[in-house]
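Protein chains in written order, with the UniProt record's numbering: chain B, 1 to 91; chain D, 1 to 211. Note that beta-carbon positions come from the ideal geometry of N, C-alpha and C, so glycine has one too. None of these values were measured; they are calculated from a predicted model.
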Amino acid sequence: MSAYAPGTRVRARPGDPAHHTRVPVYVRGHVGEIVECEGEWPLPDDRARGVTPPRVEAVYAVRFPARDLWGAGAHSVTVDLWESYLEEVTP
Amino acid sequence: MSGRGERSGEHDGLVTPPTKEGFDDHEDLPVAARVRRLEERVVAAGLTTDDELDAILDGLLRNASPVNGARMVARAWTDPGYRETLLSDANAAAAELGFGTSGYRLRAVENTPAVHNVVVCTLCSCYPVSLLGPSPGWYRSFAYRSRVVREPRAVLEEFGLTLPDDVEIAVWDASAETRYLVVPRRPEGDLPEEELAARVTRRGLIGTAAV
């Protein structure tokens, strides 16, 4: 069910859609690494627009290095993102 | 029905918010007013009723307490089999102690000598209410939500938690359908499970304090 294995490098969708979405702005366009799949859940973008039935997609925990997000910092930030929010980064 | 949107802050119970300026600036008065206006519109549109909203909130808050999360942590500290369940399938671990976690995936993240975990929801204030009780005001504050992902070490310092430089900080942003619970490091000493549970605070379960 999950397309991305742990360790896969993915980019969070850049840009700002006209509708509700749950891609936090601070990770948009940034590259992170899949930590784990969190099961399949209805896509909030569809639910918010009243699309029935909403698409159901795998959700992933994706870890981003703080240095990439903010230009500084030694910590990591792990964000939970639906599959269509992500694109695989080819090495 | 009155003041549903004003529930914030008053349930702080186990924890005192930091006194440092910046975490106390979310007294929710404008938010409470906005919530109430939204409720009125939704009720007027015939989508729900005040009674239905109250019933949902009562169901959500009944038995919701950080004592529940603390019991899970103390059990994990004293029972290796339970710890394994907690770390691999936290919903099952909650159910084992009789705690409900319906509608979300629960994930326990364990602090180690090398990694300290801290939880936030930058998009709103998602949080496992049944296990941690109603969220503290600072958890919902813009200050906490915007700063802890950017400078967690400084934020933790303001909470009075100084981590050694070589401890890595892992911030978990609950931006989807997973709710996070931090398993703090077990305090020294051979305490029984009940006494261990009594030492675990809500802040410990969020990651803004040690135990």
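Residue-chain proximity (residue i, chain D), Cβ-Cβ < 8 Å
i: B:G73; result: yes
i: B:D80; result: yes
i: B:Y4; result: no
i: B:V51; result: no
i: B:G15; result: no
i: B:E87; result: no
i: B:S76; result: yes
i: B:G7; result: no
Chain-order list of residues whose beta-carbon lies under 8 Å from that of residue i (same chain, five-residue window excluded)
i: D:A114; result: D166, V167 and E168
i: B:V27; result: A12, V62, F64, L69, V77, V79 and L81
i: B:H20; result: P44, D45, A48 and R49
Alpha carbon of residue i to alpha carbon of residue j, nearest angstrom
i: D:L205; j: D:R36; result: 30 Å
i: D:R75; j: D:V43; result: 43 Å
i: D:G189; j: D:R71; result: 18 Å
i: B:G15; j: D:Y82; result: 43 Å
i: B:A18; j: D:P80; result: 49 Å
i: D:S65; j: D:L131; result: 6 Å
i: B:T8; j: B:E33; result: 6 Å
i: D:Y180; j: D:W172; result: 8 Å
i: D:R186; j: B:R49; result: 46 Å
i: D:A94; j: D:E158; result: 31 Å
i: D:G103; j: D:A176; result: 12 Å
Exposed unless 16 or more other CB atoms sit within 10 angstroms - verdict on residue i
i: D:L38; result: exposed
i: D:S146; result: exposed
i: D:D54; result: exposed
i: D:D51; result: exposed
i: B:V89; result: exposed
i: D:H26; result: For D:H26, the pLDDT reaches just 47, beneath the cut-off of 50, and the residue's location in the model is therefore unreliable, leaving the point undetermined.
i: B:F64; result: buried
i: D:P164; result: exposed
Helix, strand or coil at residue i [DSSP, three-state]
i: D:E193; result: helix
i: D:G59; result: helix
i: D:L87; result: helix
i: B:A74; result: coil
i: D:E39; result: helix
i: D:G81; result: helix
i: D:V67; result: helix
i: residue 100 of chain B; result: Only positions 1 to 91 of chain B appear in this structure, which leaves residue 100 of chain B out of reach.
i: B:F64; result: strand
i: D:L47; result: coil
Neighbour flag for residue i against chain B, beta carbons, 8 Å
i: D:D173; result: yes
i: D:T122; result: yes
i: D:I169; result: yes
i: D:T48; result: no
i: D:E84; result: no
i: D:V149; result: yes
i: D:T178; result: yes
i: D:P184; result: no
i: D:R34; result: no
i: D:P152; result: yes
i: D:R41; result: no
i: D:R71; result: no
i: D:R202; result: no
i: residue 212 of chain D; result: Only positions 1 to 211 of chain D appear in this structure, which leaves residue 212 of chain D out of reach.
Residues near residue i in its chain [Cβ-Cβ closer than 7 Å; skip 5 each side]
i: B:H75; result: A66
i: D:Y139; result: S125, Y127 and I206
i: D:N117; result: V109, N111, A170, W172, V182 and G207
i: B:P6; result: I34, V35 and E36
Contacts around residue i, its chain only, beta-carbon distance under 6 Å, and the 5 residues preceding and following it disregarded
i: B:W82; result: L43, E57 and V59
Contact set between residue i and chain A, taken where Cβ atoms lie within less than 7 Å
i: B:R22; result: Absent from the structure is chain A; the protein chains it does hold are B and D.
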